[in-house]
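Enquirer: Protein chains in written order, with the UniProt record's numbering: chain S, 1 to 338; chain G, 1 to 338.
The C-beta atom is built at its ideal place from N, Cα and C for all residues, glycine as well.
All values derive from a computational prediction rather than experimental measurement.
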DNA sequence: AAATTCACCGAGAACGTTCTCGATTCCTTA
DNA sequence: TAAGGAATCGAGAACGTTCTCGGTGAATTT
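1. Quick test of the definition: if touching needs 3 or more C-beta pairs under 8 Å, does the segment 144-155 of chain G touch the segment 173-189 of chain G?
2. Between residue 343(G) and residue 167(G), how many whole angstroms is the CB-CB distance? I'm expecting something under 8 Å.
3. Say whether chain S places a C-beta atom closer than 8 Å to the C-beta of residue 51(G).
4. Quick one: any contact between the segment 258-276 of chain G and the segment 286-297 of chain G, if contact means 3 or more CB pairs under 8 Å?
5. Near residue 39(S), which residues of its chain fall below 7 Å by C-beta distance, leaving aside the five closest residues on each side in sequence?
6. Between the segment 65-77 of chain S and the segment 125-137 of chain S, do three or more beta carbon pairs fall short of 8 Å?
7. Quick one: is residue 43(S) near chain G, going by C-beta distance under 8 Å?
8. For residue 55(S), which residues in chain G fall below 7 Å Cβ to Cβ?
9. Does any CB atom of chain S fall closer than 8 Å to the CB of residue 118(G)?
10. Which residues share a DSSP beta bridge with residue 295(G)?
11. For a test of the three-state rule: what should DSSP assign to residue 1(G), helix, strand or coil?
12. For the segment 89-111 of chain S, enumerate the residues whose C-beta is nearer than 7 Å to any C-beta of chain G, in chain order.
13. Identify each residue in the segment 275-298 of chain S for which the Cβ-Cβ distance to at least one residue of chain G is less than 8 Å, and report them in chain order.
14. Rounded to a whole number of angstroms, what is the C-alpha to C-alpha distance between residue 82(G) and residue 253(S)?
15. Residue 234(G) and residue 247(G): beta carbons closer than 8 Å?
16. Residues in its own chain within less than 7 Å of residue 251(G) by CB, not counting five upstream and five downstream?
17. Could you name the residues of chain S that residue 86(G) contacts, counting a contact when the two beta carbons are closer than 7 Å?
18. Is residue 117(G) near residue 60(S), with beta carbons less than 8 Å apart?
19. From the beta carbon of residue 1(S), is the nearest beta carbon of chain G less than 8 Å away?
20. Mark residue 46(G) as exposed unless 16 or more other C-beta atoms lie within 10 angstroms of its C-beta, in which case mark it buried.
21. So what does DSSP say about residue 159(S), is it helix, strand or coil?
22. Assuming residue 55(S) and residue 58(G) are in contact, meaning their beta carbons sit under 8 Å apart, how far apart are those beta carbons, in whole angstroms?
23. Taking the alpha-carbon positions, what's the residue 190(S) to residue 198(S) distance?
24. Locate the beta strand (DSSP E) running through residue 53(G), then write down its first and last residues.
25. CA-CA distance, residue 337(S) and residue 274(S)?
26. Taking only beta-carbon positions, decide if residue 73(S) is within less than 8 Å of chain G.
27. Please confirm whether residue 256(G) has its beta-carbon closer than 8 Å to some beta-carbon of chain S.
28. Below 7 Å CB to CB, which residues in the same chain sit around residue 24(S) once its five sequence neighbours on both sides are set aside?
29. Report the residues of the segment 146-172 of chain S with a CB closer than 9 Å to any CB of chain G, ordered along the chain.
30. So residue 186(G) and residue 238(G) are supposed to be a Cβ contact under 8 Å. How far apart are they, rounded?
31. Using the Cα positions of residue 284(G) and residue 62(G), report the straight-line distance between them to the nearest angstrom.
32. Buried or exposed for residue 161(G), please, with buried defined as at least 16 other CB atoms from any protein chain shown within 10 angstroms of its CB.
33. At a CB-CB cut-off below 7 Å, which residues of chain G make contact with residue 20(S)?
34. Would the beta-carbon of residue 195(S) fall within 8 Å of that of residue 155(S)?
35. With distances taken from CA atoms, which of 270(S), 264(S) and 286(S) is nearest residue 264(G)?
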């Protein structure tokens, strides 16, 4: 069994002083004699004292724990966001409890409903794509738990949100294809209903309209976010009588899937078909032809989300903020007709 | 400020019964009347009662929290291991607190020394490659904290460990190159001193000796684990007068780096130079020519590690176990001379 | 009918902290 | 020289649970 760690009482007993004094000496510098403080600190080190976070959490009603809920972690975007979150959490002395939903709505709900908010100071969430998540997230926000959404946010909930500029990124991606001479541009995207999906779709549509290009329903395919979905979508597009000459993929994984399918179909990527993705996953520069994309500021999204959550936690009445970070066009081989 | 959640006392007061009874009703089914139990459960739901884990943790000296310490998370291998860990943690009702060291020894030590073991039931660690980690891990193990190492383990510490079969994987990879006609086989690997590095190096060396092939010191390069290191190592190898005709990379990222460099040098990968990696990172099938590799059972390593840790936590006197899982050769274009 | 057992429940201590309220000593000031 | 103030510390309640111990009344046994 676990050995018992030394407590504040043990220190007090060893020095024949009160627990109050030890407690004070261990935290504040005021209201305690410098010598006493030194004594306490030395004895604490000697006894290998480690504060019991359950006890402090109980009385202060605040542990330094933040929960992070992600659809997946085996994925460039989310793991990079997490790294950003962790960077500011670490430098502020917060711990991160990570939950992965595997993009499963039921699991997400189960996780949220079983969270112990007594040992959690706040919550960072990117929702599962299958979830109509409004109800159980609204409940915990009503309970007063600070929540920040990022990337895949829930629209009708009033709390802080951090996103990339999906609309303008999509617009820019589409315009880039148009400028490179592509005219029949398809869009393979994620599940309908998500803010992210809708915003990118709208950016794509507006770019087409602005340039007076045709919008074909058959050229817009909703499916999953995976590489495999991208492969399937591309094959489906190529079965059409009226084939597109370019594809804007909602993310790089789908874009890569499309490249793979078109290579298998012996379609020359870049010439016969232009492709652009969204994310700037390292894979997009590894694949050949390399994939043009809109780089997302994933790391910064993590940092800003966590910073926002900490502000939220620290201030009593925090007004929700929405942060929208710009993407950046990266041109590679998959969209160059030259 | 946070609204106050209902406590066990509130339930007791609302029902005019004692807290003891409420506590019993909420947990055990024995020693409490079925009707009372039902009453309590209903009132708990009505008041939106959520157990306070700080309080239970304080009295039971066991929260259901496990800490996971990883060198990185933006990486196929570690994120997959984490997913495996999380899978068994989730189904056993444990939460995971994730710390990422960025492969920085000082940060790793800082994290470990500041862990609150009072709110942690155990620890899963893959050590930083720069760390001589023995001392501070030994300390917490002496304190009785259950620890399981995986992948990058610390050799001289007696506790449970889960690894892939690095030696045999490396042996098999090297033999595969030999069977495909490569004779001058280099090895680009990670920092010396790590068990993982040493085991793979030894497998490589033994395979060469067994087949009576030359071992050249210049063909063995120790550097980091990154793709960039792989690129640099490849360029360095190609500057030699006595150039190798194949490269066994310690992991796929370095293998991919090597492929990229050789492509830049206009060296035909597969023909002029054979390359094999280790991991089966999805990138290895994306890159062209695709990278042969030894597939690691990353997900299973996570599962087994967590299962072992739970056993360790549950049993008083648990004898440390070492689990070694086999890899699997995957042949792709980078090592086929055909 | 007395004795024994059983089912169920309550009182109160304990876990390791923090925090409020006073108490004590010593120094300063009029 | 008395009064006021500052510096320092201690007692004890509180946080929300669990757990041990014992008590009550009803059911069962002899």
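Expert: On the basis of the coordinates in this document:
1. no
2. In the structure as shown, chain G starts at 1 and stops at 338, and residue 343(G) therefore has no counterpart that could be examined.
3. yes
4. yes
5. 15
6. yes
7. no
8. 58
9. yes
10. 279(G) and 328(G)
11. For residue 1(G), the predicted structure reports a pLDDT of 42, less than 50, and the residue's modelled location is therefore unreliable. A value from the coordinates is still provided. In this structure, residue 1(G) counts as coil in the three-state DSSP scheme.
12. 95, 96, 97, 98 and 100
13. 282, 283, 286, 287 and 288
14. 21 Å
15. yes
16. 225, 277, 278 and 279
17. 100
18. no
19. Interpretation of residue 1(S) is limited by its pLDDT of 41, a score under 50 that renders its predicted location unreliable; the figure taken from the coordinates is listed afterwards. Closer than 8 Å to some Cβ of chain G, the Cβ of residue 1(S) qualifies, so yes.
20. exposed
21. coil
22. 6 Å
23. 9 Å
24. Segment 53-60 is the alpha helix (DSSP H) holding residue 53(G); no beta strand (DSSP E) there.
25. 8 Å
26. yes
27. yes
28. 31 and 32
29. 146
30. Not quite, the Cβ-Cβ distance comes to about 10 Å (not below 8 Å), so this is no contact.
31. 42 Å
32. buried
33. Ordered by position in chain G, no residue passes the 7 Å Cβ test against residue 20(S), which lies about 19 Å from the chain.
34. yes
35. 286(S)
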